[in-house]
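J.: Numbering (my numbering), first residue to last: 30 to 301.
Cβ atoms here follow ideal geometry from the backbone N, Cα and C, with glycine treated the same way.
(1) Please work out which residues of its chain come closer than 7 Å, Cβ to Cβ, to residue 284, disregarding the five sequence neighbours upstream and downstream, and give them in chain order.
(2) With DSSP as the reference, label residue 59 as helix, strand or coil.
(3) Please name the residue in 64, 263, 193 whose C-alpha comes closest to that of residue 248.
(4) What's the gap between the Cα of residue 81 and the Cα of residue 219?
(5) So if DSSP puts residue 252 in a beta bridge, which residue, or which two residues, is it bridged to?
(6) Could you pull the DSSP bridge partners for residue 51 from this structure?
(7) Near residue 253, what residues of its chain come up, given a Cβ to Cβ distance below 7 Å and the 5 sequence neighbours on each side ignored?
(8) Okay, do the region 53–61 and the region 160–177 touch, 3+ Cβ pairs below 8 Å being the bar?
(9) Measuring alpha carbon to alpha carbon, tell me which residue in 191, 135, 259 is nearest residue 226.
(10) Candidates 86, 155, 79, 141: which alpha carbon is nearest residue 297's?
(11) The alpha helix (DSSP H) spanning residue 76 covers which residue range?
(12) Once DSSP output is grouped into helix, strand and coil, what is the label at residue 279?
(13) Assuming residue 145 is part of the alpha helix (DSSP H), what are its boundary residues?
(14) If contacts are defined as beta-carbon pairs under 8 Å, then residue 34 and residue 301 qualify, I think. What distance do you get, rounded to the angstrom?
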């Protein structure tokens, strides 16, 4: 079956993207290693912040589950998680003993989304640097357990949605309009999550749509998140890039399928 043609957007409403790899805990990984690794990336990430340890959550697949699958949660490690932050605050590299995460964030209004190829290349480069560091210092072996690619979009009056307009103006399949004959009034807010399985149990797509408030103006906006989690059947680092490419394809096609084509063209610069 030929691959579908991927849509192209010149100005998508993306405000954050992150790539994550979760792996078996590096038992010999110490706080001193966090400091040593920081020295190798200090030029690109001059500042750092200490954050709480992230609990790893891995997907499982069970036929006829009858509900959205809940991830399996593993107990926390005592070491902290470090954020390594770029000077312009757009890039964050997160590291702990069983995870590496690379974020791109829109900080200023004029910041433009760098697109997937640049983001995934930076993630691969940082992972390769860390993998080499682990090998050079004989800390252990990175054995991947799960990958994740997440796109966060903000849709507001600036790019397609007015706060009092129906949600189906953006998402045609989501019907929330109130009939005057109904008991319930107009929906005040919503938090809608759907999940979809990727072929061959290589992952799961989470689509989440909810109303949030802008952190500065406090104006309502739609937060539309598309997240794919999973891993290729071989659970091999050699197949990591191909898994992320598949996840990106699913996110792009899902974004195009779930949102209004007219809004895509008029506000987000869809050209294909």
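T.: On the basis of the data shown:
(1) Result list for residue 284: 255, in chain order.
(2) Assigned with DSSP and collapsed to three states, residue 59 falls in coil, not helix or strand.
(3) The option with the nearest alpha carbon to residue 248 is 193.
(4) Just so you know, the alpha carbons of residue 81 and residue 219 end up roughly 29 Å apart.
(5) By DSSP's assignment, residue 252 forms a beta bridge with 183, 239.
(6) Note: residue 51 sits in a beta bridge opposite 128, 175.
(7) 182, 184, 238, listed in sequence order.
(8) Flag = yes, the region 53–61 and the region 160–177 touch.
(9) Of 191, 135, 259, the residue nearest in Cα terms is 259.
(10) Nearest C-alpha to residue 297: 141.
(11) Membership of residue 76 in any alpha helix (DSSP H) is not indicated; the residue belongs instead to the beta strand (DSSP E) covering 76–80.
(12) Of the three classes helix, strand and coil, the one that applies to residue 279 here is helix, per DSSP.
(13) 145–165 is the span of the alpha helix (DSSP H), which, as asked, contains residue 145.
(14) The C-beta separation of residue 34 from residue 301 comes to about 7 Å, placing the pair in contact by the 8 Å criterion.
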